[in-house]
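In my numbering, the protein residues as written are 228 to 333.
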């Protein structure tokens with residue numbers, strides 16, 4: 228779930244954010260994520276959580292204008308994360324996942 232400067236594919240949006248918040252409370256300097264680089268510094272957990280939270284907020288905002296998932300995918304952009312690895316590949320999939328999650332009431 229934690230990637231260093233790389234967008235991750237989001238599984239369960241609410242659970243991911245909750246899990247990352249729990250990990251942030253632990254005392255550690257480096258984390259061994261399941262994907263990407265072999266280790267990442269502790270701030271990578273916060274950065275990953277912030278990416279997911281920013282993405283959820285952007286999808287919520289877009290959904291106030293339309294419920295068409297294809298249009299939402301076109302609308303949502305997160306310039307802060309554009310240089311992260313896999314950003315272009317995972318963003319539309321994550322937007323679709325979050326829109327579906329929000330549609331069923333979280």
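By construction, the Cβ of each residue, glycine as well, lies at the ideal position given by its N, Cα and C atoms. Computed from a predicted model, the values in this text were never measured in an experiment.
Can you tell me whether residue 299 is helix, strand or coil according to DSSP? For the purposes of this step, residue 299 is taken as residue 72 along the chain shown, with counting starting at 1. Residue 299: helix per DSSP, three-state reduction.
Locate the alpha helix (DSSP H) running through residue 290, then write down its first and last residues. On the chain shown, position 63 is the one that residue 290 refers to. Note, residue 290: alpha helix (DSSP H), 270-290.
Buried or exposed for residue 240, please, with buried defined as at least 16 other CB atoms from any protein chain shown within 10 angstroms of its CB. In the chain shown, the residue the question calls residue 240 occupies position 13. Counting Cβ neighbours within 10 Å, residue 240 comes out buried, since at least 16 surround it.
Under 7 Å, do residue 326 and residue 272 count as touching if we go by C-beta distance? Numbered from its first residue, the chain shown carries residue 326 at position 99. Numbered from its first residue, the chain shown carries residue 272 at position 45. Not closer than 7 Å, so no.
Pairwise C-alpha distance: residue 302 and residue 292: Counted from its first residue, the chain shown places residue 292 at position 65. Counted from its first residue, the chain shown places residue 302 at position 75. Their backbone Cα atoms lie some 10 Å apart in a straight line.
Going by the beta-carbon positions, is the gap between residue 258 and residue 267 smaller than 7 Å? As a first step, residue 258 is located in the chain shown; it is residue number 31 there, counting from the start. As a first step, residue 267 is located in the chain shown; it is residue number 40 there, counting from the start. In this structure, residue 267 lies closer than 7 Å to residue 258 by Cβ.
Quick one, are the C-beta atoms of residue 300 and residue 331 less than 7 Å apart? By 1-based counting over the chain shown, the position of residue 300 is 73. By 1-based counting over the chain shown, the position of residue 331 is 104. Contact flag unset, no.
Under a three-way DSSP split, which group does residue 325 fall into? What you label residue 325 is simply residue 98 of the chain shown in a count that begins at 1. Helix at residue 325.
Per the DSSP calculation, residue 259 is bridged to which residue(s)? Position 32 of the chain shown, counting from 1, holds the residue named residue 259. The partner list for residue 259 (beta bridge, DSSP) is empty, contrary to what the question assumes.
Suppose you measure from the CA of residue 274 to the CA of residue 283; what does that come to, to the nearest Å? Against the chain shown, residue 274 aligns to sequence position 47. Against the chain shown, residue 283 aligns to sequence position 56. C-alpha separation (whole angstroms): 14 Å.
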